[in-house]
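Residue numbers (our numbering): 8 to 430.
Quick look at the structure:
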């Protein structure tokens, strides 16, 4: 088994229940031709598309990914033609199409992002300002950040327990071997950050973005340091507080319910794990200035960040995608270049180390998906319906496909102050 191979067969949401589509012909089916003509431009892999009209094989095949789509309703074509990739995702959530392997199918689209960009450019001009305005309303002001975070992270702690490993880590793991468990990968990720920071018992550490308390607990118990950790999610705060109480680390871990902009103090080390994606483009300079201010002159920061490639950054920052609309309101992925530009212009932090491990995130997402969809009965018992679960199926597969095709990345960064001692 390859180090980066995904786990075994993935349990899936049941195929959508479909109704006869006699009333959906006409205008809806008219869009089929333009959509298929655009998909004929695939340059990598193969897509097999089946609908009531027959079957079409698109793309050159070869060594690229292969996917298959069964279209249940002609309105799928209208939604793709008028709303691009957002329309395709919403059509899946609503059961307009299905596939035997969602990740493989989305990998075809991810691998052909450039050749099918015309679908996005064809989205009616009138829709784009409305999308942009809706996203602007979700900008990450102090109050907006709390609202945005609550929409995703305050869903249900019980729900996230179905998906995550016992460390309750909602960020990419680092798998040290082919047979590593998700829990081992989460702990290895924490250890890599701690080792890079040379964490020790005398350190005072600030964590921006508590999550459910995994890193703070690990750093306090395994390295003996004092940790101040902050979140703006009430649900995560309450969960982490109980976790710290049960672990008996109250003297070493201080838990805050504060926005990063309101923090004060001087710390030896700062850690922020996949929180930067909730900062927003407008606030990136303020975020890095604050991180720099909170560090002692001899300090360092460990950052784990999901990024968009520099070559796609300009187009990405002017659009709204499926994840921003439906999963992470206010979310924004910086590019590596955007991060380094901010550091150079706004701070005295220096980039000392950077490591990309996107393939590990692909495997992490596959594990989460297997965990969640292997416990569908429990998810349903919590009140999450089929449409919600199809949304999460699409979200997890969409992200896995992006990492596997390197359309998004994840890196650990070591950022040091001028007084950081040489190793």
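Idealized CB from N, CA, C, for every residue including glycine.
- Excluding sequence positions up to five before and after residue 250, its CB lies within less than 6 Å of the CB of 220, all in the same chain and listed in chain order.
- In the three-state reduction of the DSSP assignment, residue 56 falls in the strand class.
- Fully enclosed alpha helix (DSSP H) runs of no fewer than 4 residues are not present anywhere in the stretch 175-202.
- The three-state secondary structure of residue 360, taken from DSSP, is strand.
- DSSP, reduced to helix, strand and coil, places residue 37 within a helical segment of the structure shown.
- Closest option to residue 322, judged by alpha-carbon separation, among 336, 340, 94 and 308: 340.
- Residues of the same chain with a CB within less than 7 Å of the CB of residue 391, apart from the 5 flanking positions on each side, are 166 in chain order.
- Below 8 Å, enough C-beta pairs join the stretch 263-277 and the stretch 302-310 to call them touching: three or more.
- Nearest C-alpha to residue 233 among 342, 210 and 338: 210.
- Ranked by Cα distance from residue 201, the options 419, 61 and 164 are led by 419.
- Annotated three-state conformation of residue 268 is helix, per DSSP.
- Residue pairing of residue 214 in beta bridges, as defined by DSSP: 236 and 278.
- Proximity of the stretch 346-366 to the stretch 399-407 falls short of the contact definition, fewer than three beta-carbon pairs being nearer than 8 Å.
- It is roughly 11 Å from the alpha-carbon of residue 96 to the alpha-carbon of residue 109.
- Runs of the alpha helix (DSSP H) lying entirely within the stretch 317-342, each at least 4 residues long, are 317-323 and 329-333 in chain order.
- Around the beta carbon of residue 356, 16 or more other beta carbons lie within 10 angstroms, which makes this residue buried.
- Closest by C-alpha distance to residue 421, out of 311, 76 and 174, is 311.
- With a cut-off of 8 Å on Cβ pairs, the stretch 75-87 is in contact with the stretch 54-61, counting three or more such pairs.
- When the beta-carbon positions are compared, residue 314 and residue 216 stay at least 8 Å from each other.
- In this structure, DSSP gives residue 299 a helical state, which the three-state scheme calls helix.
- The beta-carbon separation of residue 53 and residue 68, rounded to 4 Å, stays under the 8 Å limit for a contact.
- Per DSSP, residue 414 is not a residue of any alpha helix (DSSP H), being assigned neither H nor E.
- In this structure, residue 262 lies near residue 248, with their beta-carbon atoms less than 8 Å apart.
- Secondary-structure assignment with DSSP links residue 105 through a beta bridge to 77.
- Counting only residues of its own chain and dropping the five nearest sequence neighbours on each side, residue 364 has a CB closer than 8 Å to the CB of 179, 181, 417, 418 and 419.
- Using a 10 angstroms sphere on the CB of residue 184, the tally of other CB atoms stays under 16, which defines it as exposed.
- Spatial neighbours of residue 353 in its own chain (CB-CB distance under 7 Å, excluding positions within 5 residues in sequence) are listed in chain order as 292, 295 and 296.
- In the three-state reduction of the DSSP assignment, residue 49 falls in the coil class, being assigned neither a helical nor a strand state.
- In terms of Cα proximity to residue 188, the closest of 428, 378, 412 and 411 is 378.
- Cβ-Cβ distances below 7 Å link residue 48 to 122 and 123 in the same chain, with the five nearest sequence neighbours on each side left out; the list follows chain order.
- Annotation: the continuous beta strand (DSSP E) that includes residue 260 extends over 260-263.
- The C-beta distance from residue 206 to residue 192 rounds to 19 Å, too long to meet the 8 Å contact threshold.
- Per the DSSP secondary-structure output, residue 63 pairs in a beta bridge with 56.
- According to DSSP, residue pairing for residue 419 in a beta bridge involves 311 and 362.
- As the crow flies, the alpha-carbon of residue 237 is around 6 Å from that of residue 265.
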